[in-house]
Structures are given as structure tokens and as C-alpha cells.
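The numbers in our numbering rise by one with no breaks, and the one at position 35 of the sequence shown is 35.
We put the CB at the ideal spot given by N, CA and C, even for glycine.
Predicted, not measured: the structure shown is a model, and the values here were computed from it.
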Amino acid sequence: MSELNELETLMMEWYALCEQMVPLEEALAPIKAMKELREAKIKDLIKKMGKGYAAPHLGVEASYRKGYTKVTWDGSALDGFAAAHPEILPFRSEKATQPSISIKKIDKLPF
């Protein structure tokens with residue numbers, strides 16, 4: 001089986017599984033909404049407390065990470081600056097990242 005045939009077969013099976021999940025997701029929607037409301041209230045309380053809270057007897061833990069200021073730089077501008085000022089190049093680093101693939105359900109075309 002060619003890679004494209006295998007890919008289309010897998011996609012067809014994945015789509016069918018998504019279709020089977022629709023009624024389950026619809027049935028769970030009210031529970032999910034209640035859960036999200038509780039999560040928002042828990043987050044508000046934890047934020048007010050300024051620290052995390054663990055309730056092992058309930059099987060729940062809410063972690064707290066304090067806010068911080070994130071510094072970013074305009075890489076393209078700095079690359080241009082580095083051309084004229086190579087002394088800043090030791091402060092430059094590169095990190096390769098792996099490709100990322102996402103799969104989402106879309107409406108089938110009618111053919």
C-alpha cells in the first residue's frame with residue numbers, strides 16, 4: 001500500500017471515530033460546562049490566595065505560578081544590527097524545533 005493510500009485509509013478511520021464521538025461530546029456538554037465554571041472559580045480563588053493548594057483527599061491540586069515579565073527581542077532587527085556589530089554574535093543562539101502536525105475534523109466534501 002502506498003503512503004498516500006495508507007494515509008487516506010487512516011484519515012477515513014479517524015474521521016469515522018470522530019463521528020462516533022459527536023453524540024458523546026453532546027451528552028457531556030452540560031457536565032463540561034459545569035466543570036469549566038468550577039475551574040474558573042478555583043483559578044480565581046487560587047489567584048487571590050497567591051499560592052497553590054493541594055487536596056489529596058479529594059484527588060485535586062491547583063498549582064500557582066506567579067506572573068512575570070517576559071522579555072522579547074526583534075530577531076530580524078538584531079540580525080541586521082549584528083551585521084554592523086559582530087561583537088554581539090556570541091549572545092545569539094539558535095534552537096532547531098521539530099515539525100508539528102495537528103489533525104482536526106473538517107466537514108466532508110459532498111462527492
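Comparing C-alpha positions only, which one of the options sits nearest to residue i?
i	options	result
K104	N5, K35, L17	L17
S49	A62, L37, R38	The question names Ser, but residue 49 in the sequence shown is Met. Checked all of A62, L37, R38; the closest Cα to M49 is A62.
A77	L37, T69, R92	R92
Which value, in whole angstroms, describes the spacing of the CA atoms of residue i and residue j?
i	j	result
E6	K35	39 Å
K41	T72	32 Å
R65	I46	10 Å
Y15	A55	39 Å
G80	S102	34 Å
D44	E26	28 Å
P30	M21	16 Å
G67	E13	43 Å
Below 8 Å between beta carbons: does that hold for residue i and residue j?
i	j	result
L89	A82	yes
Helix, strand or coil: which one does DSSP assign to residue i?
i	result
E94	coil
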